[in-house]
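A.B. asks: Starting off with a structure, shown below.
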Amino acid sequence: MYQFSGKLKMLSLALIIIGALGIGFSFFSAPKTIEESKEMIADQASHGDSHGSEHATGAANSHDSQHDAKHDEHVFHQMQNKPWSALYVSLIFFLGISLLVLAFYASQRVAQSGWSVVLFRVMEAITANLIPTSIIMLLVILSASVLHWNHLFSWMAEGTFDPSSENYDAIVDGKSWWMNVPGWTIRGIVYLLLWNTYRWFIRKNSIAEDTANDYNKTYKKNYHASVIFLVVFMLTESMMSWDWIMGLDPHWFSTLFGWYVLASLLVSALTVIAFVTIYLRSKGALPSVNDSHIHDLAKFMFGFSVFWTYLWFSQFMLIWYADIPEETTYFVARFNEYKMPFLAMVVMNFVFPILLLINSDFKSKPWFVIIGGIVILAGHYVDFFVMIMPGTVGSLWSFGIAELSSILFFIGIFIFAVFSSFAKANPIPTGNPFLKESENFHYFNIEHEGEESNDHH
940 MYQFSGKLKM LSLALIIIGA LGIGFSFFSA PKTIEESKEM IADQASHGDS HGSEHATGAA
1000 NSHDSQHDAK HDEHVFHQMQ NKPWSALYVS LIFFLGISLL VLAFYASQRV AQSGWSVVLF
1060 RVMEAITANL IPTSIIMLLV ILSASVLHWN HLFSWMAEGT FDPSSENYDA IVDGKSWWMN
1120 VPGWTIRGIV YLLLWNTYRW FIRKNSIAED TANDYNKTYK KNYHASVIFL VVFMLTESMM
1180 SWDWIMGLDP HWFSTLFGWY VLASLLVSAL TVIAFVTIYL RSKGALPSVN DSHIHDLAKF
1240 MFGFSVFWTY LWFSQFMLIW YADIPEETTY FVARFNEYKM PFLAMVVMNF VFPILLLINS
1300 DFKSKPWFVI IGGIVILAGH YVDFFVMIMP GTVGSLWSFG IAELSSILFF IGIFIFAVFS
1360 SFAKANPIPT GNPFLKESEN FHYFNIEHEG EESNDHH
């Protein structure tokens, strides 16, 4: 049995504490009043900050006092959103990764894949992170919709659906059958409940397979549950991406946005599976995992990087070609105000993985997979950053204490949840009927470094 070491546990707790302190500081340093936000903008402009000067200039050039007041209030809300947005980007990223690991795990059960069985306990452990991130997501949902502690979702502002209000938004009102606070809140809670219910069920029954008198019965039960979950997942993942990400830009929509988010999270999830597997293998906790298993994970990383790029280009090219104002505004904002991260993520998520992982020999080398994986994870974090920030903070974006602290906070939670979960069960799913096939999984053309020749079958 694997032991969750004291050093790793202390590291995870230190990251959580450091991250929490940084998050707390970012909330504390956010402006509390409109006047305070105006002073901060003026101070940024005096120090040559381009984002701050844009807003300061916009306010100074306006002759309409009412427009000035609305502009100042808008900037105030954007500055208040900064710590919330930083937290939200990391939350969506880590929650999404945990969810997609669960979905990939379910797909392996449904496909009755033989190669991946020795990785089942790794995937189950990673999905343990779904529990704490779901709890935090629930708090964010309630703080946005019920408590109104943040202004991340502009359509939740008072008067949006009231034709007699100066804040009335006819476009959003036309979507009120879907975009309404009670429905949005209830749907979010249902998503989290459905995902965590399957995770609890499959984890419990996967461990039960090891000691079941009739393991075939337990195996079939897990198979059927996974089939149902995949159907539920495909529906809820799309709706989640509409509600939690696309809803930040309520005037814009894309019919393939759910697939785009899925691709980004799936690449990241596969990379995380590879990272945790390589680490645990190096500690001797996964004796049955060989270079061919790492090679297959890297193949998935490579393949879905191409798939993500296909979806990114399809969404961008069609909107650019059609040139419809309500569609192009999404990319105009990102290209004008987020040009560096917007273009960088294409290189990080496509060019770099393709050049690094296209060679078959490199895919089986753990250190090479780690190098490629670090860039992939950073690139897809930037992808979610660019998806979320323009709709919440506009041109006032930056990468500082709030963003870094949020990443550290969720990495700490991830480490604690994953490795404590892995230590609670047999690392080898001994009751799975495909275990022998997985243990004997080898590619004839891969040199398995550090393995005896008689290990190759």
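Residue numbers (the numbering used here): 940 to 1396. The beta-carbon is built from N, C-alpha and C at its ideal position, and this holds for glycine as well.
Tell me the DSSP secondary structure of histidine 1002 in three-state form.
C.D. replies: Interpretation of histidine 1002 is limited by its pLDDT of 44, a score under 50 that renders its predicted location unreliable; no figure is taken from the coordinates.
A.B. asks: If the criterion is Cβ atoms closer than 8 angstroms, does the pair glutamate 1266 and glycine 1053 meet it?
C.D. replies: Not in contact: glutamate 1266 and glycine 1053 (Cβ atoms no closer than 8 angstroms).
A.B. asks: To the nearest whole angstrom, what separates the beta carbons of serine 1231 and histidine 1381, a pair I think is in contact under 8 angstroms?
C.D. replies: Right, the Cβ-Cβ distance comes to about 5 angstroms (below 8 angstroms), so this counts as a contact.
A.B. asks: So, for glycine 997: in the same chain, excluding its five sequence neighbours on each side, which residues have a beta-carbon less than 8 angstroms away from its beta-carbon?
C.D. replies: No answer about glycine 997 holds up, because its pLDDT of 43 lies below 50 and its placement is not dependable.
A.B. asks: Can you give me the Cβ contacts of leucine 952 inside the same chain, cut-off strictly under 6 angstroms, excluding the 5 residues immediately before and after it?
C.D. replies: Closer than 6 angstroms at the Cβ level, and outside the excluded window around leucine 952, lies no residue.
A.B. asks: Would you mind sorting valine 1166 into buried or exposed? The rule is 16 or more other CB atoms within 10 Å of its CB.
C.D. replies: Exposed, by the Cβ-count rule.
A.B. asks: Can you tell me which of Phe1373, Leu1086 and Ala1341 puts its alpha carbon nearest to the alpha carbon of glycine 961?
C.D. replies: Answer by Cα proximity: Ala1341.
A.B. asks: Could you tell me which of Ser976, Ala1224, Asn1298 and Ala1025 sits nearest to alanine 1008, measuring between CA atoms?
C.D. replies: Selected option, being the one with the closest Cα: Ser976.
A.B. asks: What do you get for histidine 1087, buried or exposed, if any count of 16 or more other CB atoms within 10 angstroms of its CB means buried?
C.D. replies: The residue is exposed, with fewer than 16 neighbouring Cβ atoms inside 10 Å.
A.B. asks: Between isoleucine 1065 and valine 1206, is the Cβ-Cβ spacing less than 8 angstroms?
C.D. replies: Cβ distance not < 8 angstroms, so isoleucine 1065 and valine 1206 don't count as in contact.
A.B. asks: How do the segment 1041-1059 and the segment 1342-1350 stand: do at least 3 beta-carbon pairs fall below 8 angstroms, yes or no?
C.D. replies: Taking 8 angstroms as the limit for Cβ pairs, the verdict is that the segment 1342-1350 does not touch the segment 1041-1059.
A.B. asks: On the criterion of 16 or more Cβ atoms from any shown chain inside 10 Å, does valine 1357 qualify as buried, or is it exposed?
C.D. replies: Buried, since its Cβ has 16 or more Cβ neighbours within 10 Å.
A.B. asks: For serine 1360, report the span of its alpha helix (DSSP H) as first-last.
C.D. replies: Serine 1360 -> alpha helix (DSSP H) spans 1340-1361.
A.B. asks: Do you know how far the Cα of alanine 1109 is from the Cα of leucine 1257?
C.D. replies: The straight-line gap from Cα to Cα measures roughly 26 angstroms.
A.B. asks: Got a sec? Which residues, its chain only, sit under 8 angstroms from tyrosine 896 by beta carbon, not counting five neighbours each side?
C.D. replies: Because the chain is modelled from 940 through 1396, residue 896 falls outside the range shown and cannot be assessed.
A.B. asks: Taking 8 angstroms as the threshold (C-beta atoms), are valine 1085 and threonine 1124 in contact?
C.D. replies: Yes, Cβ-Cβ distance for threonine 1124 and valine 1085 is below 8 angstroms.
A.B. asks: Could I get the ranges of all uninterrupted alpha helix (DSSP H) runs contained in the segment 1278-1333, with 4 residues as the minimum, in chain order?
C.D. replies: DSSP runs (the alpha helix (DSSP H)) wholly in the segment 1278-1333: 1278-1285, 1291-1296, 1299-1302 and 1305-1331.
A.B. asks: Given a cut-off of 8 angstroms on the beta-carbon distance, is the pair phenylalanine 1032 and isoleucine 973 in contact?
C.D. replies: No, the pair does not count as a contact, with Cβ atoms beyond the cut-off.
A.B. asks: With the cut-off set at 8 angstroms, would you say histidine 1319 and serine 1227 are in Cβ contact?
C.D. replies: Going by C-beta atoms, histidine 1319 is not nearer than 8 angstroms to serine 1227.
A.B. asks: Going by DSSP in three states, glutamate 1266 sits in which element: helix, strand or coil?
C.D. replies: Correct three-state label for glutamate 1266: helix.
A.B. asks: Using three-state DSSP, classify valine 1049 as helix, strand or coil.
C.D. replies: The answer is helix: DSSP assigns valine 1049 an H, G or I state.
A.B. asks: In or out: leucine 1039 buried (at least 16 other Cβ within 10 Å) or exposed?
C.D. replies: Looking at its Cβ environment, which holds 16 or more other Cβ atoms inside 10 Å, leucine 1039 is buried.
A.B. asks: My guess is that leucine 1296 and lysine 1302 are in contact by the Cβ rule of under 8 angstroms, so how many angstroms apart are they, rounded?
C.D. replies: Contact flag correct, Cβ pair sits at about 6 angstroms.
A.B. asks: Going by DSSP in three states, methionine 1240 sits in which element: helix, strand or coil?
C.D. replies: In the structure shown, methionine 1240 sits in a helix (DSSP, three-state: H, G or I).
A.B. asks: If you run the structure through DSSP and keep just helix, strand and coil, what is glycine 1122?
C.D. replies: Note: glycine 1122 maps to helix in three-state DSSP.
A.B. asks: Count the other CB atoms within 10 Å of the CB of alanine 1045; is the residue buried (16 or more) or exposed (fewer)?
C.D. replies: Alanine 1045 is buried by the Cβ-count criterion.
A.B. asks: Could you check how far apart the C-beta atoms of isoleucine 1350 and leucine 954 are, in whole angstroms? I think they sit under 8 angstroms.
C.D. replies: Going by Cβ atoms, the distance from isoleucine 1350 to leucine 954 rounds to 5 angstroms, so yes, they are a contact pair.
A.B. asks: To the nearest whole angstrom, what separates the beta carbons of isoleucine 1146 and alanine 1362, a pair I think is in contact under 8 angstroms?
C.D. replies: Not confirmed; about 13 angstroms, so no contact.
A.B. asks: Excluding the five sequence neighbours on either side, which residues of its own chain have a C-beta within less than 7 angstroms of the C-beta of leucine 1195, listed in chain order?
C.D. replies: Taken in chain order, the residues that qualify are Leu1250, Ser1253 and Gln1254.
A.B. asks: Hey, is alanine 1341's beta-carbon within less than 8 angstroms of any beta-carbon in chain B?
C.D. replies: The structure shown has no chain B; it contains just one protein chain.
A.B. asks: At what residues does the alpha helix (DSSP H) containing glycine 1113 begin and finish?
C.D. replies: Counting along the chain, glycine 1113 falls outside any alpha helix (DSSP H), and DSSP gives it neither H nor E.
A.B. asks: Leaving out five residues on either side along the sequence, give the residues of the same chain with a beta carbon under 7 angstroms from the beta carbon of leucine 1187.
C.D. replies: Once the five neighbours on either side are set aside, the close Cβ partners of leucine 1187 are Leu1091, Phe1092, Ile1327, Gly1330 and Thr1331.
A.B. asks: Under 8 angstroms, do phenylalanine 1168 and tyrosine 1137 count as touching if we go by C-beta distance?
C.D. replies: Yes, Cβ-Cβ distance for phenylalanine 1168 and tyrosine 1137 is below 8 angstroms.
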